[in-house]
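Everything on this sheet refers to the single structure shown next.
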Amino acid sequence: MSNGPHAKLAELGLELPDVVPPVASYVPAVQSGQHVYVSGQLPIAEGKLLATGKVGAGISAEQAKDLAQRCALNALAAVDSLVGLETVVKVVKVTGFVASAPGFTGQPAVVNGASDLFGTVFGEAGRHARSAVGVAELPLDAPVEIELIVEVV
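Numbering-wise (UniProt numbering), the sequence shown opens with residue 1 and increments by one.
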């Protein structure tokens, strides 16, 4: 299992965090058939939102890209706790929401923080369909939120 997803995360110096508890009435992830749908994940670490505000006004695109990676790591933790990362055969769809200042159009580069992590962890199986959407506000004034759909065995 030396090239499994956990090993890839370790190579990156990352480890899966505890699953972030929901901030409202939902569950972190749900399985339906061969798919796991992960609720939108915020850049939370150790129970704290890592940043607040708008990308392009107070939050740089590079900082937001790192925050998107944290969201992706939280999404992987939700998958792992439900079915185990080793059961993932394909990252199907990623949706990234970026709280954007007026005129900010770099949403795709921000969401690359999540996409790049999935590609590194799962290789070819990490290549996915994606949407990167600029929004006015996100829950808790978070700068970025990531949703994930994976196929499992």
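From the three backbone atoms N, C-alpha and C, an ideal C-beta is built for every residue, glycine too.
Check	Outcome
Which runs of the beta strand (DSSP E) spanning at least 3 residues fall entirely within the segment 34-118, listed in chain order?	35-41 and 88-99
Quick check on K65: buried or exposed, where buried means 16 or more other Cβ atoms within 10 Å of its Cβ?	buried
If you compare alpha carbons, which of G123, P108, V36 and F122 is closest to G134?	P108
How long is the line joining the alpha carbons of I59 and A132, rounded to whole angstroms?	17 Å
For V20, which of helix, strand or coil comes out of DSSP?	coil
Quick one, are the C-beta atoms of V19 and A78 less than 7 Å apart?	yes
Considering only C-alpha positions, which residue in the set E151, T95, L148 and P143 is nearest to L49?	P143
If you compare alpha carbons, which of F97, P43, R130 and A7 is closest to L73?	P43
Check the C-beta distance from K54 over to A10 and give it rounded, since I have them as a contact under 8 Å.	So it is not a contact: roughly 34 Å between Cβ atoms.
Please name the residue in E124, L148 and G56 whose C-alpha comes closest to that of G103.	G56
By Cβ distance below 8 Å, which residues in the same chain neighbour H35 in space, the five residues on each side in sequence not counted?	V92, I149, V150, E151 and V152
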